[in-house]
Amino acid sequence: MDKPDTEQKNIKIMKTIKTYFPVLMVLLFMGIGILSAQPEKNQDKYFNTLIRTDEGENLNDIPLSTTAVASETLFQKLVKTTFSNDEEERVNDIPFNTRKIAEQHLSQKAINSVFVEKDEAYINDIPPVILKAMKAYQQKLLANTADK
1 MDKPDTEQKN IKIMKTIKTY FPVLMVLLFM GIGILSAQPE KNQDKYFNTL IRTDEGENLN
61 DIPLSTTAVA SETLFQKLVK TTFSNDEEER VNDIPFNTRK IAEQHLSQKA INSVFVEKDE
121 AYINDIPPVI LKAMKAYQQK LLANTADK
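In this text, residue positions in the sequence shown follow full-length UniProt numbering: the first is 1, and each later residue adds one.
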């Protein structure tokens, strides 16, 4: 008498599994798809740990583009791994502060590539007659504003 009851229960359990298993699989894949379509929620935490080399260094104060920051930190990590303390002590030709010099050079190079200063050489290209006329016009404007 016990065997048919357990067989009936097993058959009932198998029918429920056959019924609900595809539904659960569809829901699982939909959930994975939804979560993978929203990477920006977790990306900030992961990217900040990659960018910040020191806790005291705040890269958000400098408005650099993301690629420049990423390449700069990559180069800094490469410099730190290639110029280790052991190599600096063994090789006498390399100065003791090679790592700091390389980091400063690379960070300055990245900053210069992002912040391009305007050339003021175009002022020298203006003929002197026009420069005199511009100065006279500025003085006339100053005189008019001083009179008012």
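Backbone N, C-alpha and C define an ideal beta-carbon position, used for all residues, glycine too.
Own chain partners of residue i with C-beta closer than 6 Å, once the 5 adjacent residues on each side are dropped
i      : result
Leu142 : none
Ile144 : In the sequence as displayed, the identity of residue 144 is Asn instead of Ile. For Asn144, where only same-chain residues beyond five positions count, there are no Cβ hits under 6 Å.
Lys100 : none
Euclidean distance between Cα positions of residue i and residue j
i           : j      : result
Lys140      : Ala110 : 45 Å
Val23       : Asn112 : 57 Å
residue 191 : Gln108 : The chain is shown only over 1 to 148; residue 191 falls outside these bounds and no answer can be derived.
Lys135      : Leu74  : 50 Å
Met30       : Ile11  : 29 Å
Gln8        : Lys18  : 15 Å
Ile34       : Tyr20  : 21 Å
Thr16       : Ile32  : 24 Å
Ile126      : Tyr137 : 16 Å
Ala37       : Val26  : 16 Å
Beta carbon of residue i nearer than 8 Å to that of residue j
i     : j     : result
Glu72 : Leu28 : no
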